[in-house]
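These protein sequence lines are chains D and Z, in that order. First residue of the first sequence? That's 146 in the numbering used here, and the numbers climb one at a time after it. First residue of the second sequence? That's 4 in the numbering used here, and the numbers climb one at a time after it.
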Amino acid sequence: MVAITDDTATLRAEQPVATRWVTAIRRNPTIAAGAVLLAILVSLAILAPWLTSDPLKQATINRLRPPSERFWFGTDQFGRDIFARTLHGARVSLVVGLTVAAISGVIGLALGIVCGYFRRIDGIVMRVMDGIMAIPSILLAIALITLTRPGLVVVIIAIVIPEVPRVVRVVRSVVLSIRAQPYIDSAIAGGTRGVKLLTRHVLPNTLAPLIVQATYICAAGMLIEAALSFLGAGVPPEIPSWGNIIAQGRSFFQIAPWTILIPGAFLALTVLAVNLMGDGLRDRLDPRLARRM
Amino acid sequence: MTAYILRRLLATLPVMAVVAVFVFFLLRIAPGDPAAIIAGEDATAEAISAVRAKLGLDRPVLEQFALWLWRLAQGDLGVSIFSNLPVTRLIAQRLEPTVALTLSTLFVAVALAIPVGVIAAWQVRKLADRLVMIFAVLGFAVPGFLAAYVLIYIFAVQLQWLPVQGYRPIAEGLWPFIEGLILPSIALGVTYMALIARITRASMLEVLSQDYIRTANSKGLATRRVLLLHALKNAAVPIVTVIGIGIALLISGVVITETVFNIPGLGRLTVDAVLKRDYPIVQGLILVFAAAKVLVNLVIDISYAFLDPRIRY
């Protein structure tokens with residue numbers, strides 16, 4: 146066993162870096178495609194202030210200009226540069242997507258482990274989760290937003306709450322199946338208890354499905370944020386998020402379709418990139434789930 | 004069977020109870036003063052306390068809850084803050100367009116996605132399959148409003164085959180009614196179709212590898228007969244499950260699609276209520292939508308018994 150691992154290690158070390166990359170890409174083409182696409186979009190978002198002009202600067206003399214050499218993506222009814230607004234919108238979307246995935250991942254993981262492990266709490270928590278899942282997520286988010294002042298934090302919280310039950314269910318089912326494994330019994334027999342049992346033996350097994358689920362939640366979070374902003378119930382209208390840009394272009398769609406189609410295409414591309422990563426990771430980390438789809 | 008249906012029906016009660024408790028206490032635990040937020044930026048103290056009285060926030064919580072539940076049990080969803088009309092009546096007025104849109108989307112999606120999924124499974128790893136899978140992956144990424152605007156741009160603005168927006172009730176004639184629903188149904192159904200096509204393909208692939216399919220093929224049955232009669236029927240349970248789960252997508256999507264196409268249904272009612280912060284309407288709509296979702300799940304559960312005689316209760 147040791148000899149074999151040593152062999153592959155030396156083999157791998159002898160391979161040039163480029164070949165190793167080619168092998169990795171060939172083995173996981175979907176992860177690679179998603180990663181490349183996402184890397185491009187993230188760099189555009191980070192570099193937005195240096196690549197573009199001020200996304201809020203109005204110039205009525207340039208209103209509703211179609212895409213041209215000067216305005217790559219055209220301008221809106223206030224003469225604002227859609228290229229600048231779209232790249233800045235990427236920042237809002239990515240921040241919302243990542244934050245929503247991270248927060249609902251952490252809360253869902255904690256609740257899922259507790260439910261899977263402490264059977265007495267399980268019944269109550271899962272009934273509450275069933276109830277929350279019965280409410281369509283956009284409506285739940287809308288209801289929360291109706292009752293508070295608009296802002297990015299409120300939008301993130303409103304998207305997190307309906308997503309948490311999805312994580313809880315995945316983590317809980319993994320914990321339940323692990324609990325029945327003989328190695329957990331032997332760990333308990335060996336004197337491992339409580340927190341150490343959970344962190345050493347249970348937690349690591351939940352990570353793969355959790356990561357897969359988190360990528361899908363990241364994509365869903367971005368779509369819901371855009372939908373909320375589009376409906377006028379999302380981030381405040383002065384923030385150039387993709388949903389807001391599209392909402393503000395609505396009345397001019399027939400004469401200036403670029404104000405909607407370009408930010409919309411960016412949103413679709415970003416969601417596509419994250420979903421591709423999710424599909425690739427699922428095939429790699431969770432073969433049982435992969436076979437079902 | 005009757006006992007099973009009754010048992011499933013009873014099991015929906017705790018879920019609906021959680022939903023009811025949730026929407027009730029949401030108003031009470033919301034940060035800040037919801038009454039002040041609902042009344043608006045520059046409302047007077049009197050206006051704020053009027054809203055508070057209207058929402059019942061000036062009475063003890065348990066008394067409010069008991070009263071609210073009592074009224075709910077009688078089908079009373081409260082009164083709109085702005086129009087003073089009963090929420091049940093406002094919902095009833097807007098029901099027709101939403102039901103029409105949801106049903107036509109369901110019909111279009113099922114009628115297109117299942118054949119497409121069957122063809123993909125039959126032609127697995129060939130061109131047709133690849134195209135279907137590309138559509139399925141894109142369908143999950145394209146937001147409903149983008150699909151809607153692309154469709155409007157092509158078929159309404161450029162080709163001028165269909166109206167840009169608007170809704171005509173069925174009472175005004177069948178063709179105007181259908182004409183107004185074509186683009187909204189496709190836009191609303193994009194993700195739903197992707198989901199159904201993907202599951203149909205996966206489920207068919209699993210069934211097509213079974214021994215009885217080889218038997219059917221080798222005894223010379225026509226491909227179409229094998230695919231539809233032997234394979235699709237046995238692949239039906241996961242497909243029906245996904246059709247049911249996907250109804251949730253339609254319910255969320257209705258809010259967006261009705262806004263884009265200016266259809267005066269429950270989705271528009273939701274958006275208008277949110278913009279005016281008319282919480283009783285939002286609350287009533289959540290209860291109605293959640294009940295619809297729970298009911299669909301119930302129907303799906305019961306339909307298993309008819310689809311797969313191996314499932315016994």
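Even for Gly, the Cβ is constructed at its ideal location relative to N, Cα and C.
Counting the other Cβ atoms within 10 Å of the Cβ of residue 295 of chain Z gives 16 or more, which makes it buried. Counted as a single uninterrupted DSSP element, the alpha helix (DSSP H) harbouring residue 99 of chain Z occupies residues 90-125. At a beta-carbon threshold of 9 Å, the residues of chain D lying near residue 17 of chain Z are 272, 275, 276, ordered along the chain.
Cβ proximity to chain D below 8 Å picks out 140, 141, 143, 144 from the segment 116-144 of chain Z.
When Z/196, Z/256, Z/269 are compared, the shortest CA-CA separation from residue 243 of chain Z is found for Z/196.
Note: residue 220 of chain D is bridge-paired with D/226 in the DSSP secondary-structure output. At a cut-off of 9 Å between beta-carbon atoms, residue 25 of chain Z makes contact with chain D. Remark: fewer than three beta-carbon pairs, one from each stretch, lie closer than 8 Å, so the segment 277-285 of chain D and the segment 405-423 of chain D are not flagged as touching. Cβ-Cβ separation between residue 277 of chain Z and residue 344 of chain D: approximately 43 Å, too far for a contact (criterion under 8 Å). Taking 9 Å as the threshold, the shortest C-beta distance from residue 48 of chain Z to chain D does not fall below it. If you look at residue 146 of chain Z, you'll find it isn't in any alpha helix (DSSP H); DSSP assigns it neither H nor E.
Contact between residue 148 of chain Z and residue 391 of chain D holds: their C-beta atoms lie close to 7 Å from each other, under 8 Å. Contact annotation, residue 227 of chain D with residue 404 of chain D: C-beta distance approximately 6 Å; criterion of less than 8 Å satisfied. Within its own chain, the residues whose Cβ lies closer than 7 Å to the Cβ of residue 304 of chain Z, once the five positions on either side in sequence are excluded, are 11, listed in chain order.
For residue 167 of chain Z, the secondary structure class from DSSP, reduced to helix, strand or coil, is coil. Cβ contact annotation for residue 61 of chain Z (same chain, cutoff 8 Å, sequence separation greater than five): 52, 55, in chain order. Residue contact check for residue 282 of chain D against chain Z: a CB pair falls below 9 Å. In this structure, residue 351 of chain D lies near residue 316 of chain D, with their beta-carbon atoms less than 9 Å apart.
In the displayed model, residue 210 of chain Z falls within a helix according to three-state DSSP. Contacts between residue 278 of chain Z and chain D, judged by CB atoms closer than 8 Å, involve 377, 378 in chain order. Secondary structure note for residue 66 of chain Z: its alpha helix (DSSP H) is the uninterrupted segment 64-76. Residue 82 of chain Z carries a strand assignment under DSSP once its states are collapsed to helix, strand and coil. Our two residues, residue 229 of chain D and residue 396 of chain D, have alpha carbons roughly 21 Å apart in a direct line. The beta carbon of residue 77 of chain Z sits no closer than 9 Å to any beta carbon of chain D. Distance between residue 160 of chain Z and residue 417 of chain D, taken at the CA atoms: about 27 Å. Annotation for residue 287 of chain Z: the continuous alpha helix (DSSP H) segment containing it runs 282-310.
Closer than 9 Å to the CB of residue 240 of chain D there is not a single CB belonging to chain Z.
In this structure, residue 184 of chain Z sits near residue 107 of chain Z, with a CB-CB distance shorter than 9 Å. The beta carbon of residue 169 of chain Z is closer than 8 Å to those of 183, 264, 265, 266 in its chain, skipping five residues each way along the sequence. As the crow flies, the alpha-carbon of residue 78 of chain Z is around 28 Å from that of residue 173 of chain Z.
For residue 266 of chain D, the enclosing alpha helix (DSSP H) covers residues 264-279. In this structure, the straight-line span from the alpha carbon of residue 260 of chain Z to that of residue 214 of chain Z is close to 45 Å. Taking 9 Å as the cut-off, the beta carbon of residue 104 of chain Z is found closer than this to the beta carbon of residue 187 of chain Z. Counting other Cβ atoms within 10 Å of its Cβ, residue 389 of chain D reaches 16 or more and is therefore classed as buried.
Between residue 207 of chain Z and residue 124 of chain Z, the gap from beta carbon to beta carbon is short of 9 Å.
Using a Cβ-Cβ cut-off of 9 Å, residue 420 of chain D is close to 140, 143, 144 of chain Z, given in chain order.
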